[in-house]
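Residue numbers (the numbering used here), protein chains in the order written: chain A, 70 to 333; chain D, -2 to 497.
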Amino acid sequence: MSEQQDPPRTEDVDGQPLVEVVGLAKAFGGVEVLRDVEFTVPTGSVTVLIGPSGSGKTTVLRCLNALETGDAGTVRIGDVSVDYAQHPGKRVLGRLRGQSAMVFQAHNLFPHLTVLRNVTEGPVVVQGKPREEAEAQARALLESVGLGGKADQHPYQLSGGQQQRVGIARALALQPELLLFDEPTSALDPELVGEVLAVMKDLAVQGRTMVVVTHEMRFAQSVSDQVLFMDGGVVVERGEPAAVLTDPREARTRTFLQRVLNPI
Amino acid sequence: MGLLLALVLGLLVTACSGGAPAGDASSGGADPSLQKIKDVGVLRVGTEGTYAPFTYHDPANNQLTGYDVEAIEAVAAKLGVRTEFVEAPFDSIFASLQAERFDLVANQVTKNPQRDATYALSDTYTVSDGVIVTRADDGSITSLADLKGKTTAQSSTSNWAQVAKDAGAKVEAVEGFTQGVTLVKQGRVDATVNDNLAVAEYTKTTGDTSVKIAAKTGDTSEQVFAMRKADVSLRDAVNTALAQVKQDGQLTQISEKYFGQDVSQGEASPQQEQPAQAAPQSTWQLIKETAGPMALAALKATIPLTAISFVVGLVIALVVALMRLSRVGVVSQLARFYISVIRGTPLLVQLFLIFYGLPAIGLTFNPFTAAVIAFSLNVGGYAAEIIRAAILSVPRGQWEAAQTIGMGYATTLRRIVLPQAARTAVPPLSNTLISLVKDTSLASVVLVTELLRVAQVAAAPTFKFFALYGVAAAYYWVICLVLSFVQGRLEHRLERYVAR
């Protein structure tokens, strides 16, 4: 693990980052996929995770949302802290999950529900919000991602980019402290990538705290506050995007970036 | 099927009588059987209802009637109690007696040593001769000995089956005399053995000249009422009453009404003349008269039986499917075992076990309930696998998406997974439902008066099997057509959110 001299904005104004991961480790059937992962995410910042496939980026994201449980290490988001070594119960994991919301690569919208219902399902069914209030909020959110007119359609009637924007609205409706994006544009046709990235950029500008797993180097460069490069289950390098992406210190980072930026 | 039926029943009867408080448990004082019946004021009588002229439904008004029916009514009157008839196929009539579905069998039960040892038998109320019926053009059988190597059709538990077997014949099991004689006519068997009275009734009703009485078996048989072995006080009272109705000429009167002679005692010989009954009905007339009661049976038995069993069965299936998907080994194994038992045993056997078997351990259900339980458990086993597969067909991402927005297991299942699984499950579940509609016809063996049973009852005294079973088939078909239509609509509805 590389020592960083001056990690960018690792501290909030009050001295506490929103997310703090310490010593996170995870193995699947004896194969180590995460080892001693550590990082912090300050409130209102955007963190991008990059790295080759199988490097553990997505697993880190899933551990933050408790879709996956780590074997060791602690994850703290806001005032909820989970020590995976203590085999936390369902209730604690549920509270951790409540701090964040996930946008999936394959969007995973509910095909049998309308766009509006997809967005209101969490607030109404889980959080117990009155339907009227939840629908008003959902319509506003759909408007903000540019889908004001699609509320009563079903997911199959939308394009891939529109579906992913509904996925973002669904996550936002939960009013989470933290937004997680798991390769949100990887499954899209190239001409649809832009509309999704634009929405994400808007969110960053609004000051949302986000952790994004992506291969969109342009997005990382221009929007993020910090970049983590992962390989083989460890964080190899971490720093401001300008530093990590244009002048990496580690050889592995350099090799990866060369492959991504000059594929041919 | 008949053989299997007989086998299962045989086992059950043995099991029941083994566990029942039979024998000489109360040999000292009077057993309570008579007192119980007098207290309730009702004698429950088991009878076939398909064996004219002894016990059958009068085609004119569909009332249960016949020589046996009137005879036991006369006896009951002397006892000062009412009669309540329970109709059961002959092959399950003794099992039903032991399971206390009724108190007494009035169905031309022929006295023999084996029955004498197992049941409390009354004095004789009919005497008849055994005869062998063959096709009219069949000259190969002229005596009982000629049955050797031939095939006969008999009720497997009737004494005539024993007579035929003892003579060296192969016995095909049928339900009652009318089916037996039909098989003879169709050339599927060589002969059927029965008593001369039943045969005379058949020839009289149908005017059928294609069969004949080829020979007498040489034995005279005495018919008696059968009761449970322990019910000695009831038997004694029945005998006393029987003696009274014989003495005051009532029984002779009943006998002459049905046979034109006194068959209640002594030598009997069939008389071919006197058409005591109305002229045979035309087939159309019969269908017209039976169509109503059959529709009623469909509405009152077949359809509710199907609907209730299917709904209950789906609930069982969902629970079993979820158990099967459980990560807890024991739970999953339990579900596997259940599915394996249900799918690995015949539905008919499941029905019999629940209706005739469970009373042995003190669980007695009325016929409809027993049928609902059996069909529900059966649907549960088959539909569990359908539902399991349908749940597995919902992508993992749907579970995860529901989980990340904070839904628990039950909520995810109810709101996200099952609505999507339904699309996959509807076509195979419709198959299960349509099979169930037709399987309900099996309920007739546990005394549920459903559609097929009504057809059987109507066909028995008139011998018009083809017409009436044809009508029954049409009813089943119509029900299934309606269900197929509903299935189509439902599938269309569930497909609406999927890209085409």
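No residue lacks a Cβ here, since even glycine has one placed at the ideal position from N, Cα and C.
At a cut-off of 7 Å between beta-carbon atoms, A/G123 makes no contact with chain D. At a cut-off of 7 Å between C-beta atoms, D/P301 does not count as an interface residue with respect to chain A. D/A469 has its alpha-carbon roughly 23 Å from the corresponding atom of D/Y199. Listed in chain order, the non-local C-beta contacts of A/I119 below 6 Å within the same chain comprise F298, local neighbours out to five positions each way being set aside. Across the stretch 378 to 393 of chain D, no CB contact with chain A closer than 7 Å is found for any residue.
Exposed is the label assigned to D/N428, since fewer than 16 other Cβ atoms lie within 10 Å of its Cβ.
Within the stretch 404 to 417 of chain D, contact with chain A at the beta-carbon level (separation under 9 Å) is assigned to M404, G405, T408, R412, I413, P416 and Q417.
Contact of A/A175 with chain D is assigned, a C-beta pair being separated by under 7 Å.
When DSSP states are grouped into helix, strand and coil, D/G215 belongs to the strand group. Check the Cα spacing between A/P259 and each of A/E285, A/D300, A/T322 and A/R104: the tightest is with A/E285. Rounded to the nearest whole angstrom, the CA to CA distance from D/L487 to D/V423 is 8 Å.
A/T254 and A/G215 have their alpha carbons spaced roughly 17 Å apart. A direct Cα-Cα distance of roughly 23 Å separates D/R98 from D/A238. Between D/D65 and D/A456, the alpha-carbon positions lie close to 19 Å from each other.
Sequence-distant Cβ neighbours of A/R166 in its own chain, meaning closer than 7 Å and more than five residues away, are N134 and A135.
Neighbours of A/A170 in chain D, taken as residues at a C-beta separation under 8 Å, are given in chain order as T401 and I402. Within its own chain, the residues whose Cβ lies closer than 8 Å to the Cβ of D/L118, once the five positions on either side in sequence are excluded, are V106, K108, R112, V221, F222, A223, M224 and R232, listed in chain order. Around the beta-carbon of D/Q244, fewer than 16 other beta-carbon atoms lie within 10 Å, marking it exposed. Taken in chain order, the whole beta strand (DSSP E) runs of length 3 or more contained in the stretch 118 to 173 of chain A are 141 to 146, 149 to 152 and 169 to 172. Looking at the DSSP output, D/K108 shares a beta bridge with no other residue.
DSSP places D/I129 in the uninterrupted beta strand (DSSP E) bounded by Y116 to R132. A check of alpha carbon separations from D/E45 across D/G38, D/T287 and D/T62 identifies D/T62 as the nearest. In this structure, D/V443 sits away from D/L360, with a CB-CB distance that is not shorter than 7 Å. Within chain D, the residues whose beta carbon sits less than 7 Å from that of A/G191 are I402 and G403, listed in sequence order. Under the Cβ criterion (8 Å, minimum of three pairs), the stretch 152 to 167 of chain D does not count as touching the stretch 246 to 258 of chain D. At a cut-off of 7 Å, the C-beta of A/N187 has no neighbouring C-beta in chain D. Neighbours of A/R166 across chain D, judged by C-beta separation under 8 Å: Q400, T401 and G403. Note: D/Q151 is bridge-paired with D/A170 in the DSSP secondary-structure output. Under the three-state reduction of DSSP, A/G236 is assigned to helix. In this structure, the CA atom of A/V149 is about 39 Å from the CA atom of D/L331. Secondary structure at D/N191: strand, using DSSP grouped into helix, strand and coil.
For A/L136, the closest Cβ of chain D is nearer than 7 Å.
Under the three-state reduction of DSSP, A/G92 is assigned to strand. Shown here, A/L314 sits in a helix according to DSSP, grouped into three states. Against chain A, the CB of D/E488 has no partner CB under 7 Å away; the residue lies outside that interface.
With fewer than 16 neighbouring CB atoms inside 10 Å of its own CB, D/Q282 falls in the exposed class.
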